[in-house]
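Engineer:
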Amino acid sequence: VKPRHFLNLDGAATVETDFLALTRRAVADIAARRALGVIHGAAGLGKTFAVETAIEVLGDGWEAIWLGFPSRPTMRLIAVELFAALTGSHQHQDRFRLTRLIKAELAVHPRMIVVDEAQNLNRECIEFLRHLGEDDNRRSATLLVGGDGCWEVLSREPMLRSRVYRRVSFRPLGPEQVLGAVRRFHPLYQEVDDDLIVLVDCYCGHGNFRNWASFTLTAVELCREHGRVRLDEQIARNAFALLGGGVGAA
Amino acid sequence: LVPRDGHATVVVAPDDEQLGAELSRCAQIGTGVAVVRPVPRVATRGDVAPDVLMAMGKHFDCLDRERRRPRAWDLAALWLRAERVRHLVIAHADHVAIFLWQDFSDLARAAGADLWLVVGDTSRSRSTPTVMGDVALRWSDAGSLLKALPQAVPDPAPYRPLAMPLPDDDFLTFRSSCRSLLSADRFAEVDEVYRQAYRRTAAQEWITDAGEIESFETVATYLDRLTAGARSLGECLVQLRAAQAALFAVSILVRLSRAPAHKHVMASLALTEAVAGRLRRLVTPELCAAGALSAAGADWRLRMADVGRGRNADIGIVASLPMHARPLVRVQILARRLDGAKGPDPLLVNTVGTPANKTQFGRMAARAVSLATLGQTVESAPPSRGAMPLGGWLVSSVGQVSVPEITRAQ
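Those protein sequence lines, which keep their order, are chains Y and D.
Per my numbering, residue 1 is the first one in the first sequence, and the count goes up by one each step.
Per my numbering, residue 251 is the first one in the second sequence, and the count goes up by one each step.
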């Protein structure tokens, strides 16, 4: 999986934030120990991008297996989906045999099992992942990635909490961090006043990369339509309107 | 120690991360410790039996590959006895249906093993009765469990067999080709084997300086004995080349030719620890026994009386097997006893219950070899016209030659 920016924004650069660096270190550590990690935080803060970036630089044949489940999945669903993701084969065996097959598969070569929206997991599923993670022959590590409430759900299970080797909690960027980050994020902001960036962050960005990506794409298209070469307040306010603020936004 | 008559020890380990790692270190079938990690929420004996078998080193899919799933629990019970498990540890026992505890207890009792049920959820544990069915539950902690388990024996340094390819030269240039073509380390390994075989051959009493030999069979029998302990075809080849050179130095020329492979004969498959280890990953008793007996060169017509009496079943042919291979035959003895077999009854029977004949024995052995993925190791020849199969080589002729002095000086 190649890391990609939200909406495939052209010209966007990878911004080396503290959270990205922490995620890279955490993923490297759990890979080295074949351990369990948790990455959590609100939507749009760059968790998925950070994990994709971190796994990409692992090297040594590491393969990422991304899984996502609906709310309250069953152990069997997890076993079926995980086996399919590992082998490309949809098996309808009972979950006990599937579990043995999965364990054999996880012993073959290094894989990072990434469970997205991990807050949807229930106790049974956590037990199941714990069981897979206890196999002495495994060459895999597990990363649970989740949004709001993820850590609250996972930390309620002692069997999981005690096994978490690395945890990164994503938070929105503060105003100072935003000023530095967005200028490195896209060329559109390179010669823009700080006040305008603060305005955009207050009304639209909120220190959230996904919001900034939406705004940037909209602003770039508006600039192109109106022959502007850089972002100004008029473009910004029109973008606010298109992004849900309506006429006269901000 | 826990009494072995319907008792089990419940080990309360709320934070079992550390205990899990310790159990992984202690789990070693050679010391009689099997640690079962059941799939969570398992509720039937048939579903948990594969986990018990895997705790004894069985292949993860052995039951399905060998089509033995309906007998899974019985086979788990048999193997616990055959492998002489003394401590049966069930990790996360609170995540399996509680009525399985009685089954685990029966299993352990039949094998004469202590049963340890590790639970992490203390709130659930408190609601567990102190007596369950016929099983009296004793409560303990992780420290007591670890103290009771024998320490794992460190694995010996792995033996790296002299694998092919080796130079295809005949004995006159074999050693010099090895020196030219192999890396220094690899040549040193080859030469150590070569020198030992050369010295052993040169020291044979039946060799005279005059190069007189009693018969073709004398040389062939000696070469068979020399290579019997070879752990790989490469080692066998090096020994043969060294012996040829040593014999040539006393005017005896031995010619060897490659033997055709024969899939049902395993005469040259030494029952090494690695080979036995592969066979022990199987679960079907008769296949394991046939594979081991065939590799050991035993007769297929063995009767129960030939292989063992008493509980230990370790006399006769079993006693002659290396320790690491004994469970392979022991499990068949136990299985046959369960079928009611007595002393004069055959050890191996076919599908209709009559004594297995040579062909059926060969098929069983070949199937065991195939399932244990030992096919690559097996290269052998059917004995014919007095020739000895020597790891894929046949002695084709032995004769006397006039040997230059320089060869004698080797």
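A virtual CB, placed ideally from N, CA and C, is assigned to each residue, including glycine.
Please read these numbers as outputs of a predicted model, since none were measured by experiment.
Need the endpoints of the beta strand (DSSP E) that V557/D sits in, please.
Structural biologist: Here residue 557/D refers to the residue found at position 307 of the second sequence. Run containing V557/D: none in the beta strand (DSSP E); it sits in the alpha helix (DSSP H), M554 to V557.
Engineer: Give the interface partners of R291/D over in chain Y, defined as CB-CB distance under 8 Å, in chain order.
Structural biologist: Position 41 of the second sequence, counting from 1, holds the residue named residue 291/D. Neighbours of R291/D on chain Y, chain order: M75, E124 and E127.
Engineer: Within this structure, are the beta carbons of K308/D and V533/D separated by less than 8 Å?
Structural biologist: On the second sequence, residue 308/D is found 58 positions in, with the first residue counted as 1. On the second sequence, residue 533/D is found 283 positions in, with the first residue counted as 1. Yes, these two residues count as a Cβ contact at 8 Å.
Engineer: How far does the beta strand (DSSP E) with A591/D in it extend, from its first residue to its last?
Structural biologist: Locating residue 591/D in the second sequence gives position 341, where the first residue counts as 1. Note, A591/D: premise wrong, no beta strand (DSSP E); not H, not E.
Engineer: Take C125/Y as the anchor and find which of R72/Y, L101/Y and F19/Y has the nearest alpha-carbon.
Structural biologist: As a position in the first sequence, residue 125/Y is number 125, starting the count at 1. That would be R72/Y, whose Cα lies nearest to the Cα of C125/Y.
Engineer: As a quick exercise: from D297/D, N607/D and V619/D, pick the residue whose alpha carbon is nearest that of A526/D.
Structural biologist: Stepping through the second sequence from its first residue, residue 526/D is reached at position 276. Among D297/D, N607/D and V619/D, the Cα nearest to that of A526/D is on V619/D.
Engineer: Straight-line CA distance for P632/D to S427/D?
Structural biologist: Walking along the second sequence from the start, residue 632/D turns up at place 382. Walking along the second sequence from the start, residue 427/D turns up at place 177. Per-residue confidence for P632/D stands at a pLDDT of 35, beneath the threshold of 50, marking its modelled position as unreliable; the derived number appears in the next sentence. Each residue's alpha carbon lies about 30 Å from the other.
Engineer: Determine, using beta-carbon pairs with one atom in the segment 606 to 618 of chain D and one in the segment 539 to 549 of chain D, whether at least three such pairs fall under 8 Å.
Structural biologist: Yes: at least three Cβ pairs fall under 8 Å.
Engineer: Determine the direct distance from the alpha carbon of W66/Y to that of L179/Y, and round the result to whole angstroms.
Structural biologist: As a first step, residue 179/Y must be located in the first sequence, where it is residue number 179. As a first step, residue 66/Y must be located in the first sequence, where it is residue number 66. Each residue's alpha carbon lies about 33 Å from the other.
Engineer: List, in order along the chain, the chain C residues whose C-beta lies closer than 7 Å to that of E267/D?
Structural biologist: The structure shown contains no chain C; the protein chains it does contain are Y and D.
Engineer: Rounded to the nearest angstrom, how far is the Cβ of A347/D from that of A293/D, given a contact under 8 Å?
Structural biologist: Within the second sequence, the letter at position 97 stands for residue 347/D. Within the second sequence, the letter at position 43 stands for residue 293/D. The Cβ separation is near 4 Å, so the contact holds.
Engineer: With a 10 Å radius around its C-beta and 16 neighbouring C-beta atoms as the bar for buried, classify K592/D as buried or exposed.
Structural biologist: Here residue 592/D is taken as the residue at index 342 of the second sequence, counted from 1. Under this definition K592/D is an exposed residue.
Engineer: Would you be able to state if there are at least three C-beta pairs under 8 Å between the segment 15 to 28 of chain Y and the segment 37 to 54 of chain Y?
Structural biologist: In short, these stretches touch, since the Cβ pair count reaches three.
Engineer: Does the segment 125 to 140 of chain Y come close enough to the segment 96 to 113 of chain Y to have 3 or more Cβ pairs within less than 8 Å?
Structural biologist: As far as the Cβ criterion goes, the segment 125 to 140 of chain Y touches the segment 96 to 113 of chain Y, which means the pair count is three or higher.
Engineer: For the structure I just gave you, are there three or more beta carbon pairs, one from the segment 231 to 238 of chain Y and one from the segment 187 to 206 of chain Y, closer than 8 Å?
Structural biologist: Enough Cβ pairs lie closer than 8 Å, so yes.
Engineer: Let me know the secondary structure DSSP gives L273/D once reduced to three states.
Structural biologist: The count along the second sequence starts at 1 and reaches residue 273/D at position 23. Helix at L273/D.
Engineer: Compare the C-alpha of V145/Y against each of R33/Y, L9/Y and G44/Y and name the closest.
Structural biologist: Numbered from 1 along the first sequence, position 145 holds the residue referred to as residue 145/Y. The candidate whose alpha carbon is nearest that of V145/Y is G44/Y.
Engineer: Would DSSP call M112/Y helix, strand or coil?
Structural biologist: For the purposes of this step, residue 112/Y is taken as the residue at position 112 of the first sequence. Strand at M112/Y.
Engineer: For R576/D, count neighbouring Cβ atoms within 10 angstroms of its own Cβ and tell me buried if that reaches 16, exposed if not.
Structural biologist: Position 326 of the second sequence, counting from 1, holds the residue named residue 576/D. Classification of R576/D: buried, given that the 10 Å Cβ count is 16 or more.
Engineer: How would you list, in chain order, the residues of chain D whose beta-carbon sits under 9 Å from the beta-carbon of H90/Y?
Structural biologist: Locating residue 90/Y in the first sequence gives position 90, counting from the first residue. Under the 9 Å cutoff, chain D gives no residues; its nearest Cβ is about 18 Å from H90/Y.
Engineer: Looking only at C-alpha atoms, which of A524/D, R586/D, R531/D and L521/D sits nearest to L552/D?
Structural biologist: Locating residue 552/D in the second sequence gives position 302, counting from the first residue. Here the closest residue by C-alpha is R586/D.
Engineer: Closer than 6 Å by C-beta to D18/Y: which residues in its own chain qualify, once you throw out the five before and the five after it? Chain order, please.
Structural biologist: Along the first sequence, read from residue 1 onward, the residue named residue 18/Y stands at position 18. Taken in chain order, the list of residues that qualify is empty.
Engineer: So, at 6 Å on beta carbons, what are the nonlocal neighbours of D201/Y in its own chain, with the 5 sequence-adjacent residues on each side left out?
Structural biologist: Numbered from 1 along the first sequence, position 201 holds the residue referred to as residue 201/Y. Excluding positions up to five away in sequence, the list reads V178.
Engineer: Which one of V285/D, M304/D and D314/D has the shortest CA to CA distance from H621/D?
Structural biologist: Locating residue 621/D in the second sequence gives position 371, where the first residue counts as 1. Residue identity check: residue 621/D is Leu in the sequence provided, not His. Checked all of V285/D, M304/D and D314/D; the closest Cα to L621/D is D314/D.
Engineer: Give the secondary structure of D311/D by DSSP, where H, G and I count as helix, E and B as strand, and everything else as coil.
Structural biologist: Taking the first residue of the second sequence as position 1, residue 311/D is located at position 61. Reduced to three states, the DSSP call for D311/D is coil.
Engineer: Which first and last residues belong to the alpha helix (DSSP H) in which E254/Y is found?
Structural biologist: There is simply no residue 254/Y to check, as chain Y begins at 1 and stops at 250 in what is shown.
Engineer: When you check each C-beta in the segment 275 to 299 of chain D against every C-beta of chain Y, which residues fall closer than 7 Å?
Structural biologist: The residues in question are R287, V289, P290, R291, V292 and D297.
Engineer: Between which two residues does the alpha helix (DSSP H) carrying G133/Y extend?
Structural biologist: As a first step, residue 133/Y must be located in the first sequence, where it is residue number 133. Looking at the DSSP string, the run of the alpha helix (DSSP H) that includes G133/Y is R123 to G133.
Engineer: Anything in the segment 298 to 312 of chain D with a Cβ closer than 7 Å to a Cβ of chain Y? List those residues in chain order, please.
Structural biologist: So the close ones are P300, F310 and D311.
Engineer: Distance check for W456/D and F310/D, CA to CA, integer angstroms please.
Structural biologist: Position 60 of the second sequence, counted from the first residue, corresponds to residue 310/D. Position 206 of the second sequence, counted from the first residue, corresponds to residue 456/D. When rounded, the distance between both Cα atoms is 52 Å.
Engineer: In the segment 349 to 374 of chain D, which residues sit with their C-beta less than 7 Å from some C-beta in chain Y, listed in chain order?
Structural biologist: The segment 349 to 374 of chain D vs chain Y, Cβ under 7 Å: G370.
Engineer: Which residue comes first and which comes last in the beta strand (DSSP E) that contains W389/D?
Structural biologist: Start at 1 with the first residue of the second sequence, and residue 389/D comes out as number 139. Its beta strand (DSSP E) spans residues V385 to D391.
Engineer: Which residues bound the alpha helix (DSSP H) around V488/D?
Structural biologist: Position 238 of the second sequence, counted from the start, is the residue given in the question as residue 488/D. Where V488/D is concerned, the enclosing alpha helix (DSSP H) stretches over L483 to F498.
Engineer: Per DSSP, what kind of secondary structure is W456/D in: helix, strand or coil?
Structural biologist: Position 206 of the second sequence, counted from the start, is the residue given in the question as residue 456/D. In this structure, W456/D counts as coil in the three-state DSSP scheme.
Engineer: If the cut is a Cβ gap below 7 Å, which residues of chain Y does H337/D touch?
Structural biologist: As a working note, residue 337/D is residue 87 in the second sequence. The contacting residues do not exist; H337/D stays about 17 Å from chain Y at best.
Engineer: In chain Y, which residues lie less than 7 Å from G227/D when you measure between Cβ atoms?
Structural biologist: No answer is possible for residue 227/D: it lies beyond the span of chain D, which begins at 251 and ends at 660.
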